[in-house]
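Q: Got a structure here, written out as structure tokens. Questions coming.
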Amino acid sequence: MTASTLTPAPVAPAAPQPGRRARRRRENLAGYVFLSPWLLGLLGITAVPMLISLYLSFTDYSPLIPLTEANWIGLDNYRRMFTADQSYWHAVQVTVTFAVVAVPLKLACALAVALLLNRTMRGISVFRGLFYLPSLLGGSVALAIVWVSMFNRDGAFNSFLALFGIEGLPWVNDPDWALSTLILLAVWQFGAPMVIFLAGLKQVPSELYEAASVDGASPWRKFVHITLPMLSPVIFFNLVLETINGFQGFTAAFVLSNGTGGPVDSTLMYTLNLWIAGFVDLNMGYASAMAWVFLIVIGAITVLLFNTGRFWVHYSDNEER
Numbered sequence: 102m103t104a105s106t107l108t109p110a111p112v113a114p115a116a117p118q119p120g121r122r123a124r125r126r127r128e129n130l131a132g133y134v135f136l137s138p139w140l141l142g143l144l145g146i147t148a149v150p151m152l153i154s155l156y157l158s159f160t161d162y163s164p165l166i167p168l169t170e171a172n173w174i175g176l177d178n179y180r181r182m183f184t185a186d187q188s189y190w191h192a193v194q195v196t197v198t199f200a201v202v203a204v205p206l207k208l209a210c211a212l213a214v215a216l217l218l219n220r221t222m223r224g225i226s227v228f229r230g231l232f233y234l235p236s237l238l239g240g241s242v243a244l245a246i247v248w249v250s251m252f253n254r255d256g257a258f259n260s261f262l263a264l265f266g267i268e269g270l271p272w273v274n275d276p277d278w279a280l281s282t283l284i285l286l287a288v289w290q291f292g293a294p295m296v297i298f299l300a301g302l303k304q305v306p307s308e309l310y311e312a313a314s315v316d317g318a319s320p321w322r323k324f325v326h327i328t329l330p331m332l333s334p335v336i337f338f339n340l341v342l343e344t345i346n347g348f349q350g351f352t353a354a355f356v357l358s359n360g361t362g363g364p365v366d367s368t369l370m371y372t373l374n375l376w377i378a379g380f381v382d383l384n385m386g387y388a389s390a391m392a393w394v395f396l397i398v399i400g401a402i403t404v405l406l407f408n409t410g411r412f413w414v415h416y417s418d419n420e421e422r
């Protein structure tokens with residue numbers, strides 16, 4: 102008996118039954134029906150307006166004229182932005198300063214509070230809720246108004262300093278300190294990254310700390326050699342989100358300066374400058390160009406973070422991300 106006679110003949114796959122194909126089509130149709138609100142929103146609220154703004158960035162469009170009357174001016178908006186508009190570069194400087202200072206401080210505070218709340222004790226859930234409460238308010242106008250009133254000349258912060266004989270300043274009206282009050286407000290809203298850090302700390306195996314204690318490791322060495330490496334994916338996640346949010350700051354700067362970026366343009370954030378160009382100066386074409394440059398820069402920063410993350414982010418399964 103030859104080997105060829107022992108090899109079973111290949112079996113052709115059974116053709117799908119007509120009823121099964123019809124059921125699959127109905128399931129696919131139902132899926133698209135449920136996705137249709139999101140798809141319509143993506144097209145009508147995001148994709149189509151983005152394409153229109155891309156076109157407008159090459160025109161001199163103003164909201165006072167019909168869209169069809171916008172004149173094509175090519176790269177003039179971009180040339181003006183990079184070579185002739187000093188307020189643009191000042192807004193870039195203010196925004197970068199805000200993000201570079203506020204984001205690390207916010208993450209550091211969030212991690213410190215998460216370490217304090219990562220324990221089992223009576224009423225710990227109440228403390229976690231209280232620390233998270235400021236983030237529930239988000240970037241609301243009401244919170245910004247309260248913050249401005251606290252740091253006025255006669256505000257609560259100066260009243261507190263007066264208890265120790267320290268004369269306060271008009272913090273929100275002083276060009277040297279106005280941006281610092283915005284940074285402090287951003288750092289105070291550390292609740293969201295704190296919750297994410299707390300969830301990450303719950304996943305760190307306690308056996309690692311026990312083994313380190315047996316070896317005589319100090320709390321600082323445990324934090325540096327166990328907590329930080331195990332939390333590096335969570336730190337990376339929070340860093341990406343907070344960096345994007347830091348560059349997008351608008352509400353507090355708008356409320357503090359009444360939409361002008363004052364005092365003396367010290368709080369002229371990029372998004373606020375963009376709003377002034379589009380809705381105060383009514384130069385929507387120039388504002389659209391600013392928006393697209395902003396989008397490209399934020400995308401580039403995000404890509405840079407992902408590319409550098411592989412050098413310091415450690416995953417427990419040792420897989421390359």
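Sequential numbering from 102 applies to the sequence shown in this note's numbering. Glycine included, C-beta positions come from ideal geometry on N, C-alpha and C.
#1: Roughly how many angstroms separate the alpha carbons of Leu141 and Arg127, rounded to a whole number?
#2: Span of the alpha helix (DSSP H) holding Ser358?
#3: So, for Ser188: in the same chain, excluding its five sequence neighbours on each side, which residues have a beta-carbon less than 8 Å away from its beta-carbon?
#4: Using DSSP's beta-bridge definition, name the partner residues of Trp173.
#5: Assuming Asn253 and Pro276 form a contact by the criterion Cβ under 8 Å, report the distance between their Cβ atoms to the nearest whole angstrom.
#6: Smallest Cα separation from Val242: which of Ala353, Met295, Trp289, Tyr310?
#7: For a quick check, are the C-beta atoms of Phe395 and Tyr371 less than 9 Å apart?
#8: Given a cut-off of 9 Å, decide if Val296 and Tyr387 are closer than it, judged by their beta-carbon atoms.
#9: Considering Cα atoms alone, identify which of Ala390, Ile327, Gly292, Gly379 is closest to Tyr310.
#10: Check Phe145 in the structure and name its three-state DSSP category.
#11: Please state the DSSP three-state secondary structure of Gly292.
#12: Would you tell me roughly how many angstroms separate the C-alpha atoms of Trp173 and Ile397, rounded to the nearest one?
#13: Between which two residues does the alpha helix (DSSP H) containing Arg322 stretch?
#14: How long is the line joining the alpha carbons of Ser158 and Trp139, rounded to whole angstroms?
#15: Quick check on DSSP: helix, strand or coil for Ile267?
#16: For the 8 Å Cβ check, are there 3 or more pairs between the segment 174-188 and the segment 257-272?
#17: Cα separation between Lys207 and Phe412?
#18: Between the Cα of Gln194 and those of Leu280, Ala245, Val249, spot the shortest distance and give me the residue it belongs to.
#19: So, is Gln304 buried or exposed, given that buried needs 16 or more other C-beta atoms within 10 angstroms?
#20: So what does DSSP say about Gln194, is it helix, strand or coil?
#21: Tell me where the alpha helix (DSSP H) around Arg229 begins and ends.
A: This is what the structure holds:
#1: About 21 Å.
#2: Boundaries of the alpha helix (DSSP H) around Ser358: 352-358.
#3: Asp366, Leu369, Asn374, listed in sequence order.
#4: For Trp173, DSSP records a beta bridge to Thr160.
#5: Between Asn253 and Pro276, the beta carbon gap of about 15 Å keeps them out of contact (Cβ cut-off 8 Å).
#6: With respect to the C-alpha of Val242, the residue from Ala353, Met295, Trp289, Tyr310 having the closest C-alpha is Ala353.
#7: Yes; because the gap between Cβ atoms is below 9 Å, this pair is in contact.
#8: Contact: no.
#9: Minimum Cα distance to Tyr310 is reached at Ile327.
#10: The question names Phe, but residue 145 is Gly in the sequence shown. Collapsing the DSSP output to three states places Gly145 in a helix.
#11: In this structure, Gly292 counts as helix in the three-state DSSP scheme.
#12: Cα to Cα, Trp173 sits roughly 22 Å from Ile397.
#13: If you look at Arg322, you'll find it in the alpha helix (DSSP H) that goes 320-323.
#14: Going by C-alpha positions, Ser158 is about 27 Å away from Trp139.
#15: The answer is coil: DSSP assigns Ile267 none of H, G, I, E or B.
#16: The segment 174-188 makes no contact with the segment 257-272: fewer than 3 CB pairs, one atom from each, lie closer than 8 Å.
#17: Looking at the backbone, the Cα of Lys207 and that of Phe412 are separated by about 23 Å.
#18: Nearest C-alpha to Gln194 among Leu280, Ala245, Val249: Leu280.
#19: When all chains shown are included, Gln304 counts as exposed.
#20: Here Gln194 sits in helix by DSSP.
#21: Run containing Arg229: 225-238, per the alpha helix (DSSP H) assignment.
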